[in-house]
Amino acid sequence: MNNQEALLSALDEVALVSITDAQGIIIFVNDKFVETSHFSRQELIGHNHRILKSGDQPDILFEDLWKTISGGRVWRGDIANRTKDGSLYWADTSVVPIQGPDGKPEQYVAVRFLITDKKESREQIVEQHREFERTKSALVNALENVEQEKERIRLQSIETKKFALAVEGASEHIVITDPNGIIIYANHAAELITGFSKDEIIGTKAGTLWGGLMGKEFYQRLWETIAVRKETFQGEIRNKRKSGAEYTVSTNISPVMDEKQHIMFFVVLERDITREKEVDKAKTEFVSLASHQLRTPLSAINWYAEMLLEGDAGTLTEQQKSYLQEIYHGNQRMVELVNALLDVSRIEMGTFSVRPELTDIVALAQSEIAELQPQIDAKKLTCVADFQQGLPQLNVDPELIRIIIENILTNAVKYTPNRGTITLALHLDDERRNLVLTVSDTGYGIPQDEQAKIFTKLFRANNVREMEPEGTGLGLYIVQSILDHTGGSIRFESEENKGTTFYITCPVSGMKEKDGTVKLGHVAH
Ligand code: ADP
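So for the sequence shown, the working numbering puts the first residue at 323; every next one is plus one.
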């Protein structure tokens, strides 16, 4: 055994040794190499090291290796190789170039010490470090979230404070009660409006200090709306301040529910509208007074115009007659408008009386058709009357029923073009609880987008305003108000250029008597 052989055999115990020629072709491998790589010696000799598939590492490593050794220098580094069956092993590798006679590397001797275990534990450390980094960044994120959450809570508490200040400073009376109606919060305006201090208010049942003026039925209805049906109650309520002075509020009481629809509390909003009511009342009284005062001169004009037209002051020329007729007609319209305004003010002041008596509504309807016959004939309309046999007489105010039929029927005639058809029907509903008056026409109809406003005072739809300039826009308002006050109802269906049907109901039980200072009964048309 020469020195070289002795060296190689000593290395056999600890290292993998290979020798390549100048081109990198393997010309020698020791036993440890063969044993570790699982390749046979024959498979290795004559091949490049690439047979070991160390391609898991970057090319730059091999470029550096090759550059170093071909330049005659020793290269050292960790290389991963694969055995024949594909498993990876790491080796601390030194490649030593052996110079030939021309001074250029003639052979390369590679000595590898296996370091797979060390490498694995290094990778474990790297993985642990990565895990640590991940945990650290998760912690940093969590901390950031905590900061954001703190900021959100801070902003929320500012919001809540703002809300509390807004509620406390609102000009409306705001009270919050528990589900039994016991007051748990009252704002400053509640103190100002009711005259009671918060100490006096909190802990009492809502309304006991300042309520009680509206009658038992009203409060029952209110409680049923908010606590049983769990809906918002809206309405006007008369209350009494601590001083004893009465005031009127516009109220809105809403139940606030949890996700199981259990009432958590009620929020009561009340706006003092006493002053507005007074102004409204003064306006209505003014309209009433003005209309009343206008009636006397208008009657005089009417009267004298009639006398002139009848030739009481001598024969008139045709031209004089036609001018006078214009005056007479214009005056008639003014009388009708003034009468309608009077009715509206009486409805609004609540001063009209209801005097029920047994009434034959069929006869009433027939007489209304007869009244309108000249207009029906002038427009060549077909008028169909369809009355159920044996309708009972009802205990109603005949004048109010007359106003209703006259208004609805006049509208049907007015808003139906020549040769159209109007139908008036009277029958009992299926349960025989209500008498139903149906008036339908084949007229202009009411535009869809204006239907919601049709019962509003002075409202006239666009499609008829030019065609039929004569109208006050008060008829339907008066009809609806009468029905509201007497237990009836009104609704309609309408399609533009097809026609309209109004349905009016009146309870068979009749109307309740009501005292008032005046009777309604001068209808505008
Ligand atoms: P007026 O007829 O004096 O204008 P009303 O209060 O009686 O006032 O009616 C309000 C509006 O409702 C009318 O101007 C008209 O636009 C609409 N209207 C009422 N009845 C009918 C109908 N039968 N056909 C079409 N439009 C109608």
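Even glycine gets a Cβ: it sits at the ideal position worked out from N, Cα and C.
Less than 9 Å between the C-beta atoms of residue i and residue j, yes or no?
{"i": "ILE744", "j": "ILE698", "result": "yes"}
{"i": "GLU494", "j": "GLU592", "result": "yes"}
{"i": "ILE321", "j": "GLY838", "result": "Any question about residue 321 goes unanswered here, given that the chain covers just 323 to 847."}
{"i": "ARG395", "j": "PRO423", "result": "no"}
{"i": "PRO501", "j": "PHE555", "result": "no"}
{"i": "ALA432", "j": "SER340", "result": "yes"}
{"i": "GLY503", "j": "TRP545", "result": "yes"}
{"i": "ASN733", "j": "LEU798", "result": "yes"}
{"i": "LEU780", "j": "LEU796", "result": "yes"}
{"i": "ILE683", "j": "VAL761", "result": "no"}
{"i": "LYS925", "j": "VAL676", "result": "Nothing in the structure corresponds to residue 925, since the chain is present only between 323 and 847."}
{"i": "VAL830", "j": "LEU731", "result": "no"}
{"i": "LEU680", "j": "GLN710", "result": "no"}
{"i": "ILE515", "j": "ILE506", "result": "no"}
{"i": "GLY517", "j": "ARG563", "result": "yes"}
{"i": "THR438", "j": "LEU410", "result": "yes"}
{"i": "LYS406", "j": "PHE355", "result": "no"}
{"i": "THR794", "j": "LEU659", "result": "yes"}
What's the gap between the Cα of residue i and the Cα of residue j?
{"i": "ARG841", "j": "MET833", "result": "Per the sequence shown, the amino acid found at residue 841 is Lys instead of Arg. The straight-line gap from Cα to Cα measures roughly 15 Å."}
{"i": "ILE649", "j": "VAL590", "result": "56 Å"}
{"i": "LEU748", "j": "ALA488", "result": "56 Å"}
{"i": "LYS486", "j": "GLY529", "result": "Here residue 486 turns out to be Ala, not Lys, going by the sequence shown. For ALA486 and GLY529, the distance between alpha carbons rounds to 23 Å."}
{"i": "GLN542", "j": "PRO619", "result": "50 Å"}
{"i": "HIS847", "j": "ILE623", "result": "Unreliable placement is indicated for HIS847, whose pLDDT of 38 sits below 50; the coordinate value is still reported in the next sentence. Computed Cα separation, rounded: 19 Å."}
{"i": "THR526", "j": "ILE475", "result": "34 Å"}
{"i": "THR822", "j": "VAL735", "result": "11 Å"}
{"i": "ILE382", "j": "TRP397", "result": "13 Å"}
{"i": "GLY566", "j": "LEU805", "result": "35 Å"}
{"i": "LEU477", "j": "GLU469", "result": "12 Å"}
{"i": "GLY809", "j": "GLU693", "result": "27 Å"}
{"i": "GLY346", "j": "ASN467", "result": "58 Å"}
{"i": "ASN352", "j": "GLU428", "result": "19 Å"}
{"i": "PRO720", "j": "GLN695", "result": "21 Å"}
{"i": "SER621", "j": "LEU646", "result": "15 Å"}
{"i": "GLU327", "j": "VAL336", "result": "15 Å"}
{"i": "ASN463", "j": "PRO577", "result": "41 Å"}
{"i": "GLN364", "j": "HIS451", "result": "43 Å"}
{"i": "CYS828", "j": "GLU632", "result": "43 Å"}
{"i": "THR570", "j": "THR596", "result": "5 Å"}
{"i": "GLU539", "j": "HIS510", "result": "30 Å"}
{"i": "PHE608", "j": "ASN653", "result": "22 Å"}
Based on DSSP bridge pairs, tell me the residues matched to residue i.
{"i": "HIS749", "result": "VAL758"}
{"i": "SER340", "result": "VAL351 and ALA432"}
{"i": "TRP397", "result": "VAL417"}
{"i": "ALA849", "result": "This structure cannot settle anything about residue 849, because the visible part of the chain is limited to 323 through 847."}
{"i": "GLY821", "result": "GLU817"}
{"i": "HIS495", "result": "GLU592"}
Measuring CA to CA, which of the options is closest to residue i?
{"i": "GLY534", "options": "ALA549, ILE523, ILE559 and GLU522", "result": "ILE559"}
{"i": "ILE401", "options": "ASP634, GLN326, LEU374 and ASP407", "result": "LEU374"}
{"i": "ASP334", "options": "ALA627, LEU436 and ARG787", "result": "LEU436"}
{"i": "ASN784", "options": "TYR799, LEU796, GLY767 and GLY797", "result": "GLY767"}
{"i": "PHE674", "options": "GLU640, LEU664 and THR358", "result": "LEU664"}
{"i": "ILE812", "options": "GLY821, ASN756, GLN802 and GLU818", "result": "GLN802"}
{"i": "ILE348", "options": "GLN450, ILE504 and LEU366", "result": "LEU366"}
{"i": "GLY742", "options": "ASP407, CYS705, ASP751 and GLN773", "result": "CYS705"}
{"i": "THR415", "options": "THR794, TYR430, THR822 and ASP806", "result": "TYR430"}
{"i": "LYS820", "options": "THR738, CYS828 and ILE804", "result": "THR738"}
{"i": "VAL657", "options": "PHE361, LYS775, GLU792 and ARG597", "result": "GLU792"}
{"i": "THR764", "options": "ASP771, VAL786, ASN740 and ARG787", "result": "ASN740"}
{"i": "GLU817", "options": "GLN773, ALA700 and ILE800", "result": "GLN773"}
{"i": "LYS426", "options": "MET579, ARG551 and GLY393", "result": "GLY393"}
{"i": "ASP708", "options": "ALA687, LEU722, GLU728 and ILE723", "result": "ALA687"}
{"i": "ASN370", "options": "PRO380, GLU385 and ASP343", "result": "ASP343"}
State buried or exposed for residue i, treating a residue as buried only when at least 16 other CB atoms are found within 10 Å of its CB.
{"i": "VAL845", "result": "At VAL845 the pLDDT is 41, less than 50, meaning the model places this residue with poor confidence and gives no usable figure here."}
{"i": "PHE824", "result": "buried"}
{"i": "SER331", "result": "exposed"}
{"i": "ARG602", "result": "Note that residue 602 is Asp in the sequence shown, not Arg. Per the 10 Å Cβ criterion, exposed."}
{"i": "ILE575", "result": "buried"}
{"i": "THR639", "result": "exposed"}
{"i": "HIS584", "result": "exposed"}
{"i": "TRP625", "result": "exposed"}
{"i": "ARG434", "result": "buried"}
{"i": "ILE800", "result": "buried"}
{"i": "ILE727", "result": "buried"}
{"i": "THR573", "result": "buried"}
{"i": "SER667", "result": "buried"}
Would you check whether the ligand PLP has a heavy atom nearer than 8 Å to the C-beta of residue i?
{"i": "THR704", "result": "Here the bound small molecules are the ligand ADP; the ligand PLP is not part of this structure."}
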